[in-house]
Amino acid sequence: MLKNVAEPEPESLDVTPTTPKAKSRTKVFALNAKDKYYALLFLGPSVLLLALFVFYPMIKTLYISLFLTSGLGKTTVFAGLGNYVRLLTSADYLNSLGVTLIYVFAVTILTIALGLLLAHLASETLPGIGIFRTLFSATMGVSVSVAAIFWLFIFNPSTGFLSLLSNWLHLPVINWLTQPNTAMVAVVITTVWMNLGFTFLILLGAIQSVPTSLYEAASVAGAKPGYQFFHITIPMISPTLFFVSIITLIGSFKSFGLIDLITKGGPTNATNMLVYRIYKDAFYSGNFAQASAESIILTVIIALFTLLQFKILERRVNY
Amino acid sequence: MSIVLENVSKRFDNDPETLTDISAEIQTGEFFVIVGPSGSGKSTLLRMIAGLGSISGGEIKINGRVVNDLAPKDRKLSMVFQSYALYPFLNVWNNVAFGLNARKIAKVDIKDRVAKALDMVGLTEFKDRKPRELSGGQRQRVALARAVADDSNICLMDEPLSNLDAQLRIKMRQEIYNLQRKLGLTLIYVTHDQVEAMTMADHIMVLNDRQVQQIGTPSEIYQEPANEFVAQFFGTPQINLLPAVKTAGSQTSLDITADFALNLNQTIPATEVKVGIRPNDLTIADSSELNANAVVDNIEYLGDETIVYATLNSGTAVRVLVDGQANFRSYQPVQIGASGKVMLFDSKGQRLHLTKEAMSYA
Amino acid sequence: MTFTKQSPWQKTLSYAALIILTIVVLGPFLIGLWTSFLPTMDIAKGNFFSTALSFNNYISAFTKTPILRYLGNSLLISTVTMFAQLFFCSMAAYAFVFLKFKFRNLLFGLFLVTMMLPFEAEIIPNFQTVKSLGLLNGYGVMIIPFLTSAFGVFMLRQSFKQMPAELKEAADIEGLNHFQFYGKIVLPYNRISLLTLAAYSFLGSWNEYLWPMLTTFSNNFRPIQNGLRQLQSEETFNDWGMIQASAAIVVIPTLIVLFVGQHYFKSGMNEGAVK
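Protein chains in written order, with the working numbering: chain V, 4 to 322; chain G, 1185 to 1546; chain E, 26 to 300.
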């Protein structure tokens, strides 16, 4: 599905009958005129819905972010860029930005590395490999709340699996979720695990679509398997690698569910990521102006990466 | 640099890619063509020589050394693939250098060899292009340059010309032939095209049904086919294979139809045979309805010669090749005869061994 | 994939790596599944290898919690969202490909921009909107904002554009109107893309977490993601056996659908490729 995104548009299919096809010029004209009404009918619902739930709120958010707000969410005083200035000079917000970046990059790098390892191993033609392919994709069927339950039990300090393991091995028990660094590690691990199934499937598909003859040619020419992996597989799938990296990156910037379920932004804001912060500032503290400014900053970040993704996808087709 | 195949087999349960008892000896520096229809096992055999497919019986020897269990990279040969197998992300230069880089050959040597190889195939000015910026023929040349740059003197080619149009195919055929001669390559070349086999090969191996039908020089294969399959596979238009019985009371005469008899120059060793006559060894002449033994179906005018398609009174279709522009038309009654070389095949399609070459005379 | 003739030793190594990674990937599932059969007392005491396995946790999950109601809610919301997206996205994509009208490119540009705007950054005004529409705490609030999707329109447009132009010409000659061409040719022809969008939108809706949490307060409408969170925060706190059982109840059907669906989906892809 994602393969389809942003391919250059072969303008082959503008088949509205504009070609002066013999006979009835009037009829062609009439059809075109009617197209307008069809368009209204076909496109209307989507346009209305997007206007109401995407464009209007975006403009509204931008608008609110330039004001101060009362506890009820009413705009009071025009503040210009005041909210932004305050945010970008507040240690607290910069901390959130910092931990989000750490989280996003850790998640992306680990997801891609592990997904690539799984996909590479599962691309070998061995008897029974199909079973492994299915099993490796299993986390695709896991939703946030289920993942959170599984991992909360594993990280649980008193009865959890990791503390059991530490006891058996006579290692000190770590209270994963109450220390800033380990809490971050726990959230990263859980996210990577959730991402793994999807990433694995996409990368496996990419690896499998590399023509076998390239590997055959390389092995006849004297290239060892490791050399083939780095000099054929990686360059051949690099467009897909970029693509899943950006998808993962954008997804991680938007992380909310796992944070809410596992750490609630804690301990001491160590995992207080951007979206969780927006939620807290808006719906707990009632600071809608600040939350709106935060929303706009998040939008800018994500829009930039989405643009980058479009650019990469355009290039990928040409190569 | 000779390559010897001894009873090479591939036989696995449920594996359609079987081969039985393939034996051959390929001499150093020769152009050896493996030819056969699709599904005959020719690519399977080539892949076994390359080490890309496993062997279940027999031995493959390269220069006296058994290589059955050797990985492709250790067999010291180069290969040109039907799809060319060019790396789309590398330019021409780096495509040619790929194998050399992988084997960690000294940079100076690589530069030297790649430059030479590109020069040899006339691609020097395209060295910075990506494969997608090249035409089909140029891609083909990159694949050739890759084989040339490799220092191994054995080269395998798997239907290298089948993705090119007819004109280009003839041109590249000559280029490959010249390269092979110039470099003294031992070349094993797989194709389904009998013309390629005839025009390029020193020796041809004909495969059908996953068995060797015949190995020989192009002229042996054409003149002395070992069986009906080989006789039919080579030569256009196809050879005529006509069922015949020995004429009652004669040892040297055959009846193809009641009014089409062949007189041979020797005793015929079987009562029922198939007679193989190349279209240019049949004669055709206008005839009255009463004396005719065939009727013309249609005519293909090729320029300097003409193929006449006719049906014998027995219902068997025949092809006759006539010089120049023959003056025949559809439904015309004709008299078909044979004078010249004929081949006899037994009921199983095998060539009958005769004491001397069979000739028919009117 | 690398081309190698693998020796038995290398094969063993490959299998060893595969099995180790399988254990790592499936570990959390297996631990969760195992503990879902253990009495909570044993879990609390760290008696991980207790032999007192039973379905008691499942029975209490089904009887003492509204988990079935949560699942039903999610199923309803996701199914309606999925069909709505298939319908509205394909209509919109049809207009962008087969109809000619003013501002078509501008409008499509706006759709593209929409794809860059994260829903998470728009929750504040959206919350106010649904509140003023009186939609809070109901199924509608979890469906209406997601009836269409810019991504879905974009994806289907790409797919529609790749249809051979002769199909439209043939339809014009036969005198099909836009509704007939849309229903009889465009939809069946693009069924693989529609199937992909169906899976995508169903899963998207199923995994929605933030929005239902903001807008739904009663178990009658709460979807499963937020329902599980509710279970953890309620009286069942620390009843790990039952919580794991509820997680298993949610994940097992999805895994089955995924494993069966993957096979189906793959053959669907192949069919699409051959076509």
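Glycine is no exception: its CB is placed at the ideal position from the N, C-alpha and C atoms.
Since the model is a prediction, treat every value here as computed from it, not as a measurement.
Straight-line Cα distance separating residue j from residue i
i: residue 1518(G); j: residue 1431(G); result: 22 Å
i: residue 1320(G); j: residue 1346(G); result: 11 Å
i: residue 1503(G); j: residue 1482(G); result: 10 Å
i: residue 237(V); j: residue 166(E); result: 45 Å
i: residue 62(E); j: residue 129(E); result: 58 Å
i: residue 304(V); j: residue 235(V); result: 33 Å
i: residue 159(E); j: residue 242(E); result: 14 Å
i: residue 121(V); j: residue 46(E); result: 8 Å
i: residue 111(E); j: residue 223(E); result: 7 Å
i: residue 264(E); j: residue 212(V); result: 47 Å
i: residue 284(E); j: residue 138(V); result: 9 Å
i: residue 74(E); j: residue 148(E); result: 46 Å
i: residue 40(E); j: residue 51(E); result: 16 Å
i: residue 21(E); j: residue 45(V); result: A query on residue 21(E) cannot be resolved here, the shown segment of chain E reaching from 26 to 300 and no further.
i: residue 123(V); j: residue 241(V); result: 14 Å
i: residue 1462(G); j: residue 206(V); result: 58 Å
i: residue 148(V); j: residue 208(E); result: 38 Å
i: residue 293(E); j: residue 268(V); result: Unreliable placement is indicated for residue 293(E), whose pLDDT of 46 sits below 50; no coordinate value is reported for it.
i: residue 1305(G); j: residue 1531(G); result: 50 Å
i: residue 271(E); j: residue 95(V); result: 37 Å
Nearest-angstrom Cβ-Cβ length linking residue i and residue j, presumed shorter than 8 Å
i: residue 254(E); j: residue 95(E); result: Incorrect: roughly 10 Å between the Cβ atoms, too far for contact.
i: residue 143(V); j: residue 233(V); result: Rounded, the Cβ-Cβ distance is 28 Å, inconsistent with contact.
i: residue 220(V); j: residue 1269(G); result: 4 Å
i: residue 266(E); j: residue 64(E); result: 6 Å
i: residue 182(E); j: residue 121(E); result: 5 Å
i: residue 1215(G); j: residue 1384(G); result: 6 Å
Those residues which DSSP pairs with residue i across a bridge
i: residue 270(V); result: Note: residue 270(V) sits in no beta bridge, so no partner.
i: residue 102(V); result: According to DSSP, which records beta bridges pairwise, residue 102(V) is partnered with nothing at all.
i: residue 163(E); result: BP columns for residue 163(E) are empty, so no partner.
i: residue 1489(G); result: 1507(G)
i: residue 1527(G); result: 1460(G)
i: residue 1339(G); result: 1262(G), 1371(G)
i: residue 1484(G); result: 1491(G)
i: residue 304(V); result: The partner list for residue 304(V) (beta bridge, DSSP) is empty, contrary to what the question assumes.
i: residue 1344(G); result: DSSP, once it has assigned bridges, lists no residue as partnering residue 1344(G).
i: residue 1467(G); result: 1521(G)
N- and C-terminal bounds of the beta strand (DSSP E) containing residue i
i: residue 226(V); result: Segment: none, residue 226(V) is in no beta strand (DSSP E) and carries neither H nor E.
i: residue 140(E); result: Not the beta strand (DSSP E): residue 140(E) falls in the alpha helix (DSSP H), residues 129-141.
i: residue 1437(G); result: 1437-1441
i: residue 212(V); result: First-last for residue 212(V): undefined, no H or E at that position.
i: residue 70(V); result: 70-72
i: residue 33(E); result: Element bounds for residue 33(E): not the beta strand (DSSP E) but the alpha helix (DSSP H), 33-60.
Span of the alpha helix (DSSP H) around residue i
i: residue 1418(G); result: Run containing residue 1418(G): none; DSSP gives neither H nor E here.
i: residue 158(V); result: 147-158
i: residue 197(E); result: 190-199
i: residue 203(E); result: 203-206
i: residue 243(V); result: 237-256
i: residue 1208(G); result: Counting along the chain, residue 1208(G) falls outside any alpha helix (DSSP H), though it belongs to the beta strand (DSSP E) covering 1203-1210.
i: residue 133(V); result: 132-139
i: residue 1378(G); result: 1378-1384
i: residue 1286(G); result: 1276-1286
Near the ligand MG: residue i beta-carbon under 8 Å from a heavy atom
i: residue 221(E); result: This structure simply doesn't include the ligand MG, nor any ligand for that matter.
Determine contact between the region 48-60 of chain V and the region 147-161 of chain E, defined as no fewer than three beta-carbon pairs at a distance below 8 Å. yes
Under 8 Å, with one C-beta from each stretch per pair, do the region 237-247 of chain V and the region 123-132 of chain V reach the 3-pair mark? no
The region 1385-1403 of chain G / the region 1218-1230 of chain G touching (three or more Cβ pairs under 8 Å): yes
Using 8 Å as the cut-off, can you tell me whether the region 1291-1301 of chain G makes contact with the region 1329-1336 of chain G, which would need three or more C-beta pairs spanning the two stretches below that distance? yes
At least 3 beta-carbon pairs within less than 8 Å: the region 64-81 of chain V vs the region 280-300 of chain V: yes
Is the region 98-115 of chain V in contact with the region 1185-1193 of chain G, if contact means three or more CB pairs nearer than 8 Å? no
Quick check: the region 168-187 of chain E against the region 78-97 of chain V, are there 3 or more CB pairs under 8 Å? no
Per the contact definition of three or more C-beta pairs closer than 8 Å, is the region 248-257 of chain V in contact with the region 308-316 of chain V? yes
Counting Cβ pairs, one atom from each stretch, are 3 or more of them under 8 Å apart for the region 1445-1460 of chain G and the region 1469-1486 of chain G? no
Please determine if the region 160-177 of chain V and the region 68-85 of chain E are in contact, where contact requires at least 3 C-beta pairs separated by less than 8 Å. yes
Can you find at least 3 beta carbon pairs, one from the region 190-197 of chain V and one from the region 256-268 of chain V, that sit closer than 8 Å? yes
Would the region 1417-1429 of chain G and the region 1401-1409 of chain G be scored as touching if the rule is three or more Cβ pairs under 8 Å? yes
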